[in-house]
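Okay, structure first, notes after.
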Amino acid sequence: MATSIDSETLIAGLQRAVERQPEARVLTAWLSLANGALTFQEHYQKALQQRELTYLTLDTTGACDLTCHGMCYYHPDIRLRDPQVPEGKLLAAIESAINNLALQNLTVVGKEPFLNPARLFGILEFAGGRKTSQLSIGIVSNGRNCSRHWDRLEQCSASGALDFFDISLDSGFAEQHDAMRGVPGTFDLAFQAVAQSVRRLPSTRVGITSVIRNDNQPGLLELLRSGAHGGVRYFCFVPIQPPPFTTTPSLHATDLVEFFVAVSEVLGRELAGAGIEVIASLNGISLLECEQHGFFSWADFRENREGQIYTSCDIAGNNLVFNFAVLPDYGDRLARITYNGSYLAHAHFLQTPDPDKYAVGNINDEPITALFERGKRLHFRDVIQSRRHHMCQRRPCWNNCFGGWTIAEHAFLTGQALESQPALCTKRESDFGVLEDRWRQSAAL
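See the structure below:
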């Protein structure tokens, strides 16, 4: 399939978006790659000159009190009893990232962060004491253990050391949620934690984060309703990206379209005027179908200070935001430090029994600045170079996906060729034909 005709709509839209926001670096790079003004090698060379670690995620522990089947980001056979990295090393890495790498987002995760509360609050209080105007600090938790720590959470919130607190729930139906998480009573504890957080942490953005699966979409709509009625104003829905070890199927893009239509209807009818913000995360493999449905146009795209491309639309006094991942962050602007100090260029490397095999290095041995620089010259370099000879180049969705660029690191874990269609892409040959026809019809209009 030729993309020259099909690309005109996307390129023209992106051009209008860039004209309105000429300082947008990622958006401009996307446009330049799409219209041929920039090669992938040139993009790589530009990336090497940037020293911005936008997103840093930290594991406080390898422990978790849930047994999520087909949901956990960690491989079930991963080693979780290695010695923990000394806290001093971790705090030094945080301080260096703030001072030398323009860190903007620091997220403390798990496996379950509240199972190591001393380290969790040590990190929050340390980072809060060195906070810059651009730094946002937060926690992602399953919500089961918050009740023991309200005093310290309130202190962190009041001092500016806790900007966001996201509790993960994957259904508004307690039985379904608990079946996915493997422990009865989890929904009740988590939902109570959300309600308490809204009341106790007024200076912190409290949100619910959820994974969209094939079997939980009605439950997520119920969660949106019940959470909103309970005072929650922020929700984030992320399509499942099944890791190599699970049989949990990916969603087809048409399934996502149907789900976001249903979300729009709930926001527009049942929750009108509630001031809800729903963030819908999309990577390139499902972008075109959502654009063709009319959720957004390429000209609507904006870029925030973190380099996140997004669109936003008002629905009866609520806000539906689509965040887009088309160009990769891993290696370039994103990193994760595991509980043993390994520096990973992408969290997907936790989906192997031995993530250290893919680690750039360890903060026990080297400063984070050296690991950051090396990360760009390993996985990031290899994935970029593979785009030049990718099998998807002549498909109609190439310029909004670039061959699954943001999820290509799965190939390192599965042994799949970097130049091939990613395993997480659910498109069949018939789907490519439908996309081609729709895009030609749009161009004709």
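Using our numbering, the final residue of the sequence shown is 1208, and nothing's skipped along the way.
Idealized CB from N, CA, C, for every residue including glycine.
Bridge partner(s) assigned by DSSP for residue i
i, result
"T870", "T820, G901"
"L1030", "None, per the DSSP bridge assignment."
"E1040", "Y997, N1082"
"P1002", "I975"
"D1077", "N1082"
"N1125", "S1105"
"G970", "D929"
"I841", "Looking at the DSSP assignment, I841 forms no beta bridge with any residue, so it has no partner."
"I1072", "E1066, F1087"
Pairwise C-alpha distance: residue j and residue i
i, j, result
"G993", "A958", "6 angstroms"
"F1112", "T817", "19 angstroms"
"V1146", "F954", "40 angstroms"
"C949", "I971", "A small correction: the amino acid at residue 949 is Thr; Cys does not occupy that position in the sequence shown. One C-alpha to the other measures close to 14 angstroms."
"E786", "G1038", "30 angstroms"
"S920", "G1196", "51 angstroms"
"D1200", "S989", "40 angstroms"
"D1077", "T772", "24 angstroms"
"R1150", "Q1156", "8 angstroms"
"G873", "T823", "6 angstroms"
"L952", "I886", "24 angstroms"
"E917", "V961", "11 angstroms"
"I902", "F927", "7 angstroms"
"Q897", "Q1204", "44 angstroms"
"R788", "T870", "24 angstroms"
"P1130", "A856", "7 angstroms"
"V974", "L983", "9 angstroms"
"L1097", "L819", "6 angstroms"
"I1100", "R1032", "43 angstroms"
"L1050", "Q812", "29 angstroms"
"L1034", "Q939", "23 angstroms"
"D1095", "A860", "14 angstroms"
"A1025", "R996", "18 angstroms"
8 angstroms CB neighbourhood of residue i in its chain, flanking five on each side removed
i, result
"P1007", "Q1114, T1115, H1173, L1176, T1177, A1186"
"L1045", "P1002, L1019, C1053, F1085, N1086, F1087, A1088"
"Y1073", "F1064, R1065, E1066, N1067, V1084, F1085, N1086, F1087"
"R1137", "V1123, G1124"
"G935", "G982, L983, L984, E985, L986, L987, R988, S989, G990"
"Q804", "I1147, Q1148, R1151"
"L864", "R814, E815, L816, I1131, T1132, F1135"
"F1059", "C1053, T1074, C1076, F1085"
6 angstroms Cβ shell around residue i - same chain, five flanking residues per side excluded
i, result
"P1091", "W1168, T1169"
"T1009", "G833"
"R779", "A1062"
"K1190", "none"
"V946", "L829"
Selection from the options that minimises the alpha carbon distance to residue i
i, options, result
"L794", "N1127, E1136, A1062, L1097", "A1062"
"C909", "L883, G891, G945, A924", "L883"
"C1164", "L1107, C1053, L1141", "C1053"
"I841", "K1139, K1120, H1153", "K1120"
"K894", "N905, D914, Q867", "Q867"
"Y807", "A1016, L854, H1142", "H1142"
"Q1004", "F998, H1015, V995", "H1015"
"G1237", "L777, G1166, H1153, S1105", "Residue 1237 is absent from the structure shown; the chain starts at 764 and stops at 1208."
"Y1000", "A1043, G1036, V1026", "What sits at residue 1000 in the sequence shown is Phe, not Tyr. Here the closest residue by C-alpha is A1043."
"R944", "S904, G923, A1180, L925", "S904"
"L843", "R814, L1034, E875, L853", "E875"
"E1069", "D978, S899, Y837", "S899"
Helix, strand or coil at residue i according to DSSP, with G and I counted as helix
i, result
"A1062", "helix"
"P1118", "helix"
"R1203", "helix"
"T1177", "helix"
"N1162", "helix"
"D926", "coil"
"L790", "helix"
"V946", "coil"
"Y1093", "strand"
"A810", "helix"
"I886", "helix"
"N1046", "strand"
"R911", "helix"
"A1098", "strand"
"S920", "helix"
"G935", "coil"
beta-carbon residue i near the ligand FMN non-hydrogen atom, thresh 7 angstroms
i, result
"W913", "Judged by which ligands are present, the structure shown has none, so any question about the ligand FMN falls away."
Spatial neighbours of residue i in its chain, beta-carbon cut-off 7 angstroms, leaving aside the 5 residues before and after
i, result
"Q1071", "N1086"
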